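Notes follow once the structure below has been shown.
Residue numbers (this note's numbering), protein chains in the order written: chain A, 16 to 255; chain B, 16 to 255.
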């Protein structure tokens with residue numbers, strides 16, 4: 016049985032403008048791989064309503080799970096929750112349980128729970144909250160879509176609480192063989208091994224080091240014995 | 016006049032599996048920003064023919080320019096050139112000028128120009144080559160699509176040679192004000208400034224440092240005087 020699939024939607028002008036580097040994608044990719052969920056696609060779109068809604072609808076139709084990051088804070092450019100409500104065609108308003116969480120948080124800190132902060136309690140109808148142990152303002156899940164914050168510490172906490180709720184597959188295992196020869200030298204035999212092991216994914220990732228070419232050959236799959244077998248073939252063909 | 020738009024298509028299982036972090040997106044985002052081209056969307060897809068072809072067709076229809084990275088090496092998992100030919104519905108075969116470049120390169124190094132390496136001379140009909148000063152195997156441009164290698168040093172060299180050929184817009188300028196207050200405190204006045212400067216993009220990017228909340232407010236646009244004006248308003252509202 017093939018593993019379940021996932022997609023990620025990153026909402027953020029700051030990444031597309033080159034101002035910051037995304038850190039969440041790499042984290043999510045690693046966490047999903049551990050539980051046997053196949054991250055098939057990532058899209059990064061700007062803080063634009065139409066772009067977010069149409070990407071979200073395309074991804075949630077094509078994949079078992081969609082995880083979004085970014086755009087759920089209190090400022091005017093945080094429009095993700097409204098876009099999700101629009102994509103699902105459900106109403107959105109301040110929800111009492113989310114409001115109460117935030118109210119208690121700001122009361123404890125002696126900070127004003129103003130209108131901007133109340134925006135973070137706006138949750139589409141029918142969603143369930145995702146806990147935020149870092150800064151309280153919750154994410155939410157609706158249908159197969161999980162809406163998380165973009166701040167990496169918060170994103171990671173939300174991923175940790177959502178992943179156990181997802182249906183995983185067989186964990187994806189991998190082994191890597193470093194070959195100190197150019198890809199062009201190894202491509203022929205490598206294609207033969209890939210053909211002999213159609214149940215495995217065999218990738219070649221070239222590098223250059225001190226002026227010499229090499230490649231990391233990565234064998235991935237769910238059957239450890241088959242991976243061992245393919246690695247043995249590779250080691251024979253490309254001895255260190 | 017709005018600036019031209021661009022999209023990027025990253026082809027690579029190794030990023031989706033969490034094995035490596037993409038470095039090319041950040042570089043391209045910064046280079047496009049310098050010449051006033053608005054990077055609107057990035058998609059990362061796996062080494063899968065249907066996924067590549069359909070993403071490419073969607074992006075090239077929606078944006079002025081599309082830049083791809085990855086999948087043009089000599090190994091069996093390098094299928095980008097074939098997918099581009101399929102998307103444009105044109106034939107693909109070994110092309111003489113590309114073949115001659117590679118032949119001379121391997122002759123100079125005393126290496127065999129084998130069938131795997133000849134695959135790197137397969138170019139869709141009607142494309143023009145993109146020079147590769149690092150490892151010779153060329154990229155290519157067809158229609159509004161520019162196909163580049165995934166190895167960062169090669170990708171960067173190809174970006175440097177293609178960008179001068181693109182129609183740019185007014186360079187996008189930006190200034191950042193660091194505000195040592197939580198986003199919830201500044202969101203109200205910030206929304207007012209964003210409304211007063213509809214020609215600028217005003218984003219708020221929260222951070223946490225030593226347990227305290229802060230935000231970087233970034234003002235972007237093409238008119239330096241307007242940005243100065245907005246920054247002066249921001250500095251008045253949120254003094255250091």
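No residue lacks a Cβ here, since even glycine has one placed at the ideal position from N, Cα and C.
On a predicted model such as this, the values are computed, not experimentally measured, just so you know.
- Three or more pairs of CB atoms, one per stretch, sit closer than 8 Å, so the segment 103-114 of chain A contacts the segment 130-148 of chain A.
- For secondary structure counted as the beta strand (DSSP E) over 3 or more consecutive residues, the segment 211-235 of chain B holds these complete runs in sequence order: 216-224.
- Close CB contacts of residue 79/A within its chain, under the 7 Å cut and outside five residues either way in sequence, are with 19, 20, 21 and 159 (chain order).
- Taking 7 Å as the CB threshold, residue 118/B stays off the interface with chain A.
- Exclusion of the five residues before and after residue 42/A leaves 167, 170, 171 and 174 as the residues of its chain whose Cβ lies within less than 8 Å of its Cβ.
- Given a length threshold of 3 residues, each whole run of the beta strand (DSSP E) inside the segment 69-100 of chain B is given here in chain order: 80-84.
- Listed in chain order, the alpha helix (DSSP H) elements of length 4 or more contained wholly in the segment 180-216 of chain A are 198-211.
- In the three-state scheme derived from DSSP, where H, G and I count as helix and E and B as strand, residue 137/B is classed as strand.
- Annotation for residue 123/B: the continuous alpha helix (DSSP H) segment containing it runs 111-124.
- Residue 50/B has a beta carbon lying at 7 Å or more from every beta carbon in chain A.
- Within the segment 188-201 of chain B, those residues whose Cβ lies closer than 7 Å to any Cβ of chain A are, in chain order, 198 and 199.
- Residues of chain B whose Cβ lies closer than 9 Å to the Cβ of residue 218/A are, in chain order, 27, 28, 29, 32, 34, 62, 90 and 92.
- The Cβ of residue 209/A sits closer than 7 Å to at least one Cβ of chain B.
- By the criterion of a C-beta distance shorter than 7 Å, residue 31/A is surrounded in its chain by 59 and 61, once the five residues flanking it on both sides are discounted.
- It is roughly 30 Å from the alpha-carbon of residue 45/B to the alpha-carbon of residue 113/B.
- From the beta-carbon of residue 166/B, the residues of chain A found nearer than 8 Å are 221, 222 and 223.
- Here residue 128/A carries a coil assignment [DSSP, helix/strand/coil].
- Residue 117/B sits away from residue 70/B, with the two beta carbons spaced by 7 Å or more.
- Judged by DSSP in its simplified three-state form, residue 104/B adopts coil rather than helix or strand.
- Note on residue 83/A: 16 or more other CB atoms within 10 angstroms of its CB, so buried under the neighbour-count rule.
- Among the CB atoms of chain B, one or more fall inside 7 Å of the CB of residue 41/A.
- Within chain B, the residues placing a beta-carbon under 9 Å from that of residue 129/A are 199, 200, 202 and 203, ordered along the chain.
- Shortest Cα-Cα distance from residue 64/A to any of 88/A, 74/A, 218/A and 99/A involves 99/A.
- Closer than 9 Å at the C-beta level to chain A, one finds no residue of the segment 172-183 of chain B.
- The beta carbons of residue 26/B and residue 95/B sit closer together than 7 Å.
- Taken through DSSP and simplified to helix, strand or coil, residue 34/B comes out as coil.
- Cα atoms of residue 102/B and residue 135/B: separation of roughly 19 Å, rounded to the nearest angstrom.
- Distances from the alpha-carbon of residue 36/B to those of 220/A, 242/A, 234/A and 226/A put 220/A closest.
- Contact between residue 233/B and residue 180/B fails: their C-beta atoms lie close to 29 Å from each other, not under 8 Å.
- Secondary structure at residue 146/A: coil, using DSSP grouped into helix, strand and coil.
- For the set 249/A, 195/A and 205/A, the Cα lying nearest the Cα of residue 223/A is the one of 195/A.
- Comparing alpha-carbon positions, the option among 225/A, 88/A and 125/A lying closest to residue 152/A turns out to be 88/A.
- In the structure shown, the three-state DSSP call for residue 53/A is strand.
- Around the beta carbon of residue 75/B, 16 or more other beta carbons sit within 10 angstroms, so the residue counts as buried.
- C-alpha of residue 129/B to C-alpha of residue 52/B: approximately 40 Å in a straight line.
- As a beta-bridge residue in DSSP terms, residue 156/B pairs with 143/B and 161/B.
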